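Since the structure comes first, as structure tokens, the remarks are kept for the end.
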Amino acid sequence: MEDALSIGIDLDGCIDEAPEFFSLLSTVWPGKIYIITFRRDYDQAVDYVNRFGIKYDAIILVNRFEAKAEVIAEKHIGIYFDDQDEMLMHIPESVIVLKIRNCGNFDPSCDTAGVHCWTGLGKSFRSGSICRRFLRRPARYRRE
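Residues 16 to 159 (the numbering used here) make up the sequence shown, in order.
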């Protein structure tokens, strides 16, 4: 369907927080689906997305916050999912933005609140230790 909006989805903190939802959504959505992620290794990102059974039109790697908004504008994405407010600041007002709840962005009692677990950049860290939220994931969903 050509009139369907395109969807943009962040990988870390979104797809891996709700893999069943995004797998179903990507299966039934009539428009294009773009995975937009703040990572450096394309092959690793592809492997990680494929673990979740997500159907997509392209995986796009960015290296700065504003680049996500640029991709969203260039690809005419109408709906965007992310888990970090700072990634949403430059997105055009015409885009429907949906924030994914995870321990690090909603639960003040969680010991990882406000701390992000970056493993796609070549190392895992959370203030010097491995993110507990990451370790609680089933092994098939863990980044390497």
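A virtual CB, placed ideally from N, CA and C, is assigned to each residue, including glycine. Because the structure is a prediction, the values reported are computed rather than measured.
- Within the same chain, 98 and 117 come within 6 Å of residue 28 by CB-CB distance, once the 5 residues on both sides are set aside.
- In the structure shown, the three-state DSSP call for residue 31 is coil.
- Runs of the beta strand (DSSP E) lying entirely within the region 52-80 and spanning at least 3 residues, in chain order: 73-76.
- Going by DSSP, residue 113 is part of the beta strand (DSSP E) stretching over 111-114.
- By the Cβ-count criterion, residue 32 is buried, with 16 or more other Cβ atoms from all chains shown falling within 10 Å of its own Cβ.
- The residues 45 and 46, in chain order, have a CB closer than 6 Å to that of residue 19 in the same chain once the five nearest residues on each side in sequence are set aside.
- Excluding its 5 nearest sequence neighbours in each direction, residue 73 has C-beta neighbours in its own chain below 6 Å: 49, listed in chain order.
- Pairing residue 87 with residue 37 gives a Cβ-Cβ distance that is not under 8 Å.
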